[in-house]
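Counting along the sequence shown from 1, when you hit position 276 you're at 276 in this note's numbering, and nothing is skipped either side. Glycine residues also receive a C-beta, built at the ideal position from the N, C-alpha and C atoms. A quick write-up on the structure given underneath.
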Amino acid sequence: MNELIRITQNDDVAVALCALSKGRSVPVSGGDFSVELLEDIPMGHKVALRDISAGEAVIKYGFPIGTALSDIHKGTHVHTNNLHSALSGAKEYIYEPKHVQSEKVSEATFMGYVRKNGKVGIRNELWIIPTVGCVNDIAEKLERKAKIFVNDHVENVRAFVHPYGCSQLGGDQENTRTVLANLATHANAGGVLVLGLGCENSGVDEIRKRMGDFDPERVRFLISQDVEDEVEAGYKILEELAALMNHDSRTECSVSNLIVGLKCGGSDGLSGITANPTIGGFSDILIAHGGTTILTEVPEMFGAETILMNRCKDEATFEKTVKLINDFKAYFEASGQPVYENPSPGNKAGGITTLEDKALGCTQKSGSSQVTDVLSYGGKVTQHGLNLLSAPGNDLVAATALAAAGAQIVLFSTGRGTPFGCPVPTLKISSNTPLFEKKSRWIDFNAGTLVNGGTITEKSQELFTFVLEIANGRKTRNEQNEFQSMAIFKTGTTL
Numbered sequence: 001m002n003e004l005i006r007i008t009q010n011d012d013v014a015v016a017l018c019a020l021s022k023g024r025s026v027p028v029s030g031g032d033f034s035v036e037l038l039e040d041i042p043m044g045h046k047v048a049l050r051d052i053s054a055g056e057a058v059i060k061y062g063f064p065i066g067t068a069l070s071d072i073h074k075g076t077h078v079h080t081n082n083l084h085s086a087l088s089g090a091k092e093y094i095y096e097p098k099h100v101q102s103e104k105v106s107e108a109t110f111m112g113y114v115r116k117n118g119k120v121g122i123r124n125e126l127w128i129i130p131t132v133g134c135v136n137d138i139a140e141k142l143e144r145k146a147k148i149f150v151n152d153h154v155e156n157v158r159a160f161v162h163p164y165g166c167s168q169l170g171g172d173q174e175n176t177r178t179v180l181a182n183l184a185t186h187a188n189a190g191g192v193l194v195l196g197l198g199c200e201n202s203g204v205d206e207i208r209k210r211m212g213d214f215d216p217e218r219v220r221f222l223i224s225q226d227v228e229d230e231v232e233a234g235y236k237i238l239e240e241l242a243a244l245m246n247h248d249s250r251t252e253c254s255v256s257n258l259i260v261g262l263k264c265g266g267s268d269g270l271s272g273i274t275a276n277p278t279i280g281g282f283s284d285i286l287i288a289h290g291g292t293t294i295l296t297e298v299p300e301m302f303g304a305e306t307i308l309m310n311r312c313k314d315e316a317t318f319e320k321t322v323k324l325i326n327d328f329k330a331y332f333e334a335s336g337q338p339v340y341e342n343p344s345p346g347n348k349a350g351g352i353t354t355l356e357d358k359a360l361g362c363t364q365k366s367g368s369s370q371v372t373d374v375l376s377y378g379g380k381v382t383q384h385g386l387n388l389l390s391a392p393g394n395d396l397v398a399a400t401a402l403a404a405a406g407a408q409i410v411l412f413s414t415g416r417g418t419p420f421g422c423p424v425p426t427l428k429i430s431s432n433t434p435l436f437e438k439k440s441r442w443i444d445f446n447a448g449t450l451v452n453g454g455t456i457t458e459k460s461q462e463l464f465t466f467v468l469e470i471a472n473g474r475k476t477r478n479e480q481n482e483f484q485s486m487a488i489f490k491t492g493t494t495l
């Protein structure tokens, strides 16, 4: 078993694939030498492969991950005590295209639900979408009553409650309206009840305006203040929708119809070595089949953004990516907050030291395909291939944004584990085997086996096959646990 891995030949540090004890001489995978450990090195953490002087850049993934705070001796632990970020504010960027052409392959298929507008869902669920937090309790009561409709055709009934929809202003209010409208027209929903109160800013009419072309037979609206018994009226609508959905069935569909969101959370030092590269390989495979992936959590691109910029399909897409990055930095600065307040305490405990360290591991999820489009928050996919989406790093906010952009499934890598699920199946991928074994009720897929052998290519193909099983109807852990929630990006003032 490998115990230390140097990711690229230029790296100044290696990552411990298991906990290592002081005093040992450990061979370095990816090199032809060993390093004597002067300190204990926890799993996922970094050890210096050479003497590094104070002020020098430290290289990992082939790129700088920060600057040495003090002299670092070969064989010592490299972490927050002796390494800090070298990032600063907004930057000027130069487009230096490095296009990688995806080799097209014969298309795989899955069994999905073809909607009237040609979109394809991987679930046939009955959704209740409140326009405002005031009707959350009604929505949840309707969900409980409507569970009686669940069968082989109506696969689940879900109420996606949230605290917004009123007392919001400007772009903040528009975010809420757009996300709710996008979810109301999502391909995974065979029937939708948009449930309003009647006096809110983002009421039924505002949501309907933003829904575009939708099937009025499958999307219904109810204003609670307009009826005597809103529960009885809502239940009748859900009963009618369920009756229509009972005629729905899965049909064979091209994988080119799949849109998959890419997200990570609770990352550790192995995330950028096992789970995220596996997802990146999956992304390249899906795109080669004509499918689409979406990468988000913009603040976790800081420090690795040029890798994505130089893979943009053209200069216009590059400029959109520059705006994506700098606008998010400006968002922090406008609030008087530090741009680089990352990584989290959990990330640091897992071995991630700086934002550059985190970002270079995070962007591994994007694979090597070119960037075909950049979406604003609330934007919906229109281009096949790799898309970038504006959203924060917060797990549930970002995952909800991926669903609202059209993703039928979200791949979520983690080194520490999390139980949550967003409105669409949220497939958890562990970076290490101990997590997979400890939290088997949360985790769907173990990328940590790569520590013991195998290749990223093999693991990515295994993940691709697994995702097709999910698309065909196999439930993810979050679905089995009935953990599905939503969260909207709150950016403005509350009245």
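- With distances taken between CA atoms, Asp137 lies nearest to Gly234 out of Asp395, Pro277, Gly234, Gly351.
- For Ala233, the uninterrupted alpha helix (DSSP H) segment begins and ends at 230-245.
- Between Leu386 and Gly303, the C-beta spacing is not below 8 Å.
- Selection Gly66, Gly62, Ala401 evaluated against Ser53 yields Gly66 as nearest (Cα-Cα).
- With distances taken between CA atoms, Asp327 lies nearest to Lys91 out of Glu479, Asp51, Lys91.
- Non-local beta-carbon contacts of Pro27 in its own chain, meaning distances under 6 Å to residues more than five positions away in sequence, involve Ser34 in chain order.
- Taken through DSSP and simplified to helix, strand or coil, Lys428 comes out as strand.
- Residue state for Gln168 is assigned as strand, using DSSP reduced to three classes.
- Assignment of alpha helix (DSSP H) within the segment 321-366, counting only whole runs of 4 or more residues, yields 345-349, 355-362 in chain order.
- Checking the DSSP bridge columns, you'll see Arg220 partnered with Leu193.
- For Thr457, the enclosing alpha helix (DSSP H) has its first and last residue at 456-471.
- Residue range 433-438 is occupied by the alpha helix (DSSP H) that includes Glu437.
- For Ser85, there is no enclosing beta strand (DSSP E), since its DSSP letter is neither H nor E.
- A direct Cα-Cα distance of roughly 22 Å separates Gln9 from Gly448.
- By the neighbour-count criterion, in which 16 or more other beta carbons inside 10 Å mark a residue as buried, Glu232 falls on the exposed side.
- The shortest C-alpha to C-alpha distance from Tyr113 to any of Thr418, His153, Leu87, Ser88 is the one to His153.
- Look at Lys380 here: in three-state DSSP terms it is coil, with no helix or strand label.
- In this structure, the beta-carbon distance from Thr131 to Ile207 falls below 8 Å.
- Taking the CA atoms as reference points, Gln225 sits about 29 Å from Asn124.
- Taking the Cα positions, Arg220 is about 25 Å away from Phe483.
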